[in-house]
Amino acid sequence: MRIGNNSQGIWQLLSGRTNTPFAGARRSSAGGRNTLEDLLTGHYKNSHGVEGMVITKGSNRKRIMPVSDEMKQFVYNNVKDAFYKYNGMSGDNEAEQKRYSAAINDYLKTVKKEDRSATSWTLGQMKVNFANKVASAVKEKVPGWTYGKPIPSDVLDEIFADEGIISTVSGEAKGLDIQI
Numbered sequence: 003m004r005i006g007n008n009s010q011g012i013w014q015l016l017s018g019r020t021n022t023p024f025a026g027a028r029r030s031s032a033g034g035r036n037t038l039e040d041l042l043t044g045h046y047k048n049s050h051g052v053e054g055m056v057i058t059k060g061s062n063r064k065r066i067m068p069v070s071d072e073m074k075q076f077v078y079n080n081v082k083d084a085f086y087k088y089n090g091m092s093g094d095n096e097a098e099q100k101r102y103s104a105a106i107n108d109y110l111k112t113v114k115k116e117d118r119s120a121t122s123w124t125l126g127q128m129k130v131n132f133a134n135k136v137a138s139a140v141k142e143k144v145p146g147w148t149y150g151k152p153i154p155s156d157v158l159d160e161i162f163a164d165e166g167i168i169s170t171v172s173g174e175a176k177g178l179d180i181q182i
């Protein structure tokens with residue numbers, strides 16, 4: 003294959019731009035990044051080395067997928083920690099965020115390649131759903147509360163002991179109130 007100055011061909015494939023040759027090809031396979039061979043064969047990986055995460059217009063990613071009970075519990079615990087530590091905010095602990103992302107990506111590697119993007123979307127929707135349910139419960143118990151404002155720990159203890167919140171974890175992913 004001859005690589006020349008065809009700005010509509012290989013350069014666009016590699017970089018997504020027409021005037022930056024080899025921008026995408028500079029990456030090595032270290033850290034799960036795409037190699038030139040990956041790009042040329044269509045085996046794209048995200049920055050965590052998970053293949054099948056390319057999202058394009060018209061993709062079928064916004065669909066509910068079954069998720070293991072362990073992952074449901076993991077996402078729920080992450081939301082619970084955010085309420086206890088950061089009053090419902092995500093916090094600024096980069097190490098925590100990296101651990102969370104790494105665990106999600108490790109799980110996605112166990113899912114069929116064609117279902118990974120949808121499973122990732124489902125996990126994200128679960129997290130939002132859990133957080134919204136807890137936030138609504140906090141607002142009922144602490145009028146005027148907004149994200150980031152302190153929440154008494156006894157209120158959070160009561161909320162996270164509530165069967166309505168606990169059942170969110172044990173329920174099926176298809177039971178989520180997800181708006182597409």
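Counting in the numbering used here, the sequence shown runs from 3 upward without gaps. Cβ atoms here follow ideal geometry from the backbone N, Cα and C, with glycine treated the same way.
Under the three-state reduction of DSSP, M73 is assigned to helix. Your pair F76 and I153 does not check out as a contact, with CB atoms roughly 22 Å apart and the cut at 8 Å. Look at T148 here: in three-state DSSP terms it is coil, with no helix or strand label.
Take the alpha-carbon of L125 and the one of S138: they are about 20 Å apart.
Residue state for N80 is assigned as helix, using DSSP reduced to three classes. In the displayed model, S155 falls within a helix according to three-state DSSP. With respect to the 8 Å criterion, V157 and V140 are classified as neighbours on the basis of their beta carbons. Around the beta carbon of K74, 16 or more other beta carbons lie within 10 angstroms, which makes this residue buried. For R118, the enclosing alpha helix (DSSP H) starts and ends at R118 to K143. A residue is called buried when at least 16 other Cβ atoms come within 10 angstroms of its Cβ; M91 does not meet this threshold and is exposed. Distance between K129 and Y102, taken at the CA atoms: about 12 Å. Where I106 is concerned, the enclosing alpha helix (DSSP H) starts and stops at E96 to L110.
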